[in-house]
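**Student:**
Numbering (the numbering used here), first residue to last: 4 to 393.
1. Who are the near neighbours of residue 131 in its chain, counting only those whose CB is closer than 8 Å to its CB and skipping five residues on each side?
2. With contact counted as at least three CB pairs below 8 Å, one residue from each stretch, are the segment 142-154 and the segment 212-226 in contact?
3. At a cut of 8 Å, does the segment 317-337 reach the segment 287-297 through at least three beta carbon pairs?
4. Per DSSP, what kind of secondary structure is residue 340 in: helix, strand or coil?
5. Expressed to the nearest angstrom, what Euclidean distance is found between the alpha-carbon atoms of residue 314 and residue 60?
6. So, under 8 Å CB-CB, residue 358 and residue 371 are touching, yes? Tell me the CB distance rounded to an integer number of Å.
7. For residue 41 and residue 85, which I take to be in contact (beta-carbon distance under 8 Å), what is that distance rounded to the nearest angstrom?
8. Could you name the residues that DSSP lists as bridge partners for residue 149?
9. With a threshold of 8 Å on Cβ separation, who are the neighbours of residue 23 within its own chain once the five nearest residues in sequence on each side are excluded?
10. What does the Cβ neighbour count give for residue 276, buried or exposed, with the cut at 16 atoms within 10 Å?
11. Could you tell me whether the segment 115-132 touches the segment 89-102, using the rule of 3 or more Cβ pairs below 8 Å?
12. Does residue 219 have its Cβ less than 8 Å from a Cβ in chain D?
13. Output the distance between the C-alpha atoms of residue 19 and residue 343, rounded to the nearest integer angstrom.
14. Going by C-alpha to C-alpha distance, which of 115, 91, 89 sits closest to residue 101?
15. So, with DSSP's three-state summary, where would you put residue 181?
16. Exposed or buried, residue 67, counting other C-beta atoms within 10 Å across all chains shown (16 or more means buried)?
17. What residue does the beta strand (DSSP E) around residue 101 start on, and which one ends it?
18. Based on the DSSP output, what are the partners of residue 334 in its beta bridges?
19. To the nearest angstrom, report how far apart residue 203 and residue 170 are at their CA atoms.
20. With a floor of 3 residues, list each beta strand (DSSP E) that falls wholly inside the segment 6-46, ordered by position along the chain.
21. Beta-carbon within less than 8 Å of residue 238's beta-carbon, same chain only, minus the 5 sequence neighbours each way: which residues are those?
Laid out in structure tokens, this is it:
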């Protein structure tokens with residue numbers, strides 16, 4: 004039982020789909036090595052190309068590793084034809100992303116995500132490499148810019164998270180991996196798994212942010228498969244050491260009961276805590292703003308949230324409807340009079356509410372004004388501003 008796997012499957016991010024594509028591509032290259040048919044080269048390239056659409060760094064890592072695995076496969080007419088067909092298919096399928104960029108940004112090589120970071124935080128912020136201009140100084144970004152100390156801190160956070168979340172074991176989830184590396188007999192396949200882990204970690208060390216305490220080591224999620232396999236190898240090694248009289252016996256009987264006990268602890272203690280308690284009011288985020296949504300009194304309303312963007316406004320913004328002209332309440336941050344006046348102008352026919360966020364009240368959200376028309380609230384706020392002004 005892996006809480007890491009379960010959580011990554013329910014967090015509405017692309018990592019689980021990425022893992023699926025990576026596994027299907029791996030299945031393809033393994034069959035390519037055995038059957039040596041071009042169909043499997045196309046299959047592998049297809050899923051690597053789809054991987055390009057979702058997470059480009061993971062696609063780069065998988066393309067590098069799978070490309071190496073495909074090299075021993077010899078073509079009939081040309082030595083490296085299977086690898087070339089695999090790569091060509093990957094490029095053809097993955098290039099659809101370029102047309103997506105062209106459609107949205109009028110530039111084949113400029114993604115909307117990079118454009119967002121360039122405009123909001125500065126050019127070159129969202130890119131690989133080291134330097135003082137990398138990163139956006141989030142609270143989860145350990146230091147300004149990106150350097151060796153960032154790599155060390157990010158790696159320690161991710162390792163700590165994996166040690167906790169991989170299996171949820173109280174003594175650490177990577178204990179048996181370490182045991183295998185120290186006491187086990189590493190074979191070629193084991194070294195390949197370790198190489199895969201090193202590629203993922205090394206590649207993401209070039210990026211200024213690759214994990215943290217909120218969603219864990221999600222950027223490293225592809226290493227979950229090697230971690231599980233190496234853990235099993237560690238258990239096998241421990242079993243063989245216990246059964247010294249029969250070193251070829253791969254039965255897990257001496258370790259079966261302890262592992263089942265650990266799995267039950269994970270199922271009945273760790274997973275409930277992870278799903279119910281860990282994220283309760285996590286980093287100040289609160290769900291009580293939902294009462295506005297379920298109260299018909301707030302239908303067809305604009306709710307102005309006073310307080311900092313995080314956590315006061317973002318706790319409310321996630322409940323905004325996709326259609327900003329629907330009858331559901333719309334939450335907007337009360338930044339200044341310019342923003343308010345634009346809202347008053349666009350939503351003249353709606354009721355307005357003024358709500359203080361938890362950072363101001365010290366508790367939950369509190370209605371301080373409303374419901375009232377846009378013009379009435381505008382007049383009240385202007386009078387208050389003129390009264391406060393010297």
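We treat Cβ as the ideally placed atom computed from N, Cα and C, and that holds for glycine.
**Tutor:** According to the structure shown:
1. Within the chain shown, the letter at position 128 stands for residue 131. Hits under 8 Å: 209, 210.
2. yes
3. yes
4. Here residue 340 is taken as the residue at index 337 of the chain shown, counted from 1. Three-state DSSP puts residue 340 in a helix.
5. As a first step, residue 314 must be located in the chain shown, where it is residue number 311. As a first step, residue 60 must be located in the chain shown, where it is residue number 57. Spanning the two alpha carbons is a distance of roughly 30 Å.
6. Here residue 358 corresponds to residue number 355 of the chain shown, with the count starting at 1. Here residue 371 corresponds to residue number 368 of the chain shown, with the count starting at 1. The Cβ separation is near 7 Å, so the contact holds.
7. As a first step, residue 41 is located in the chain shown; it is residue number 38 there, counting from the start. As a first step, residue 85 is located in the chain shown; it is residue number 82 there, counting from the start. 7 Å between Cβ atoms; contact.
8. In the chain shown, the residue the question calls residue 149 occupies position 146. Paired residue(s): 134.
9. To locate residue 23, count along the chain shown from 1; it is residue 20. Hits under 8 Å: none found.
10. Working through the chain shown from its first residue, we reach residue 276 at position 273. Classification for residue 276: exposed.
11. no
12. Included in the structure is just one protein chain, with no chain D present.
13. Your numbering for residue 19 matches position 16 in the chain shown. Your numbering for residue 343 matches position 340 in the chain shown. Taking the straight line joining both Cα atoms gives about 40 Å.
14. Walking along the chain shown from the start, residue 101 turns up at place 98. With distances taken between Cα atoms, residue 101 lies closest to 115.
15. Indexing the chain shown from 1 puts residue 181 at position 178. Looking at residue 181 - three-state DSSP - the assignment turns out to be helix.
16. In the chain shown, counting from the first residue as 1, residue 67 sits at position 64. Exposed, since its Cβ has fewer than 16 Cβ neighbours within 10 Å.
17. On the chain shown, position 98 is the one that residue 101 refers to. Segment 99-108 is the alpha helix (DSSP H) holding residue 101; no beta strand (DSSP E) there.
18. The residue labelled residue 334 in the question sits at position 331 within the chain shown. Paired residue(s): 306.
19. Here residue 203 corresponds to residue number 200 of the chain shown, with the count starting at 1. Here residue 170 corresponds to residue number 167 of the chain shown, with the count starting at 1. Roughly 20 Å between the two C-alpha positions.
20. Within the segment 6-46, no complete beta strand (DSSP E) run reaches 3 residues.
21. Counting from one through the chain shown, the residue named residue 238 turns up at place 235. When the five nearest sequence neighbours on each side are left out, the beta carbons in the same chain lying within less than 8 Å of the beta carbon of residue 238 are those of 179, 255, 258, 262, in order along the chain.
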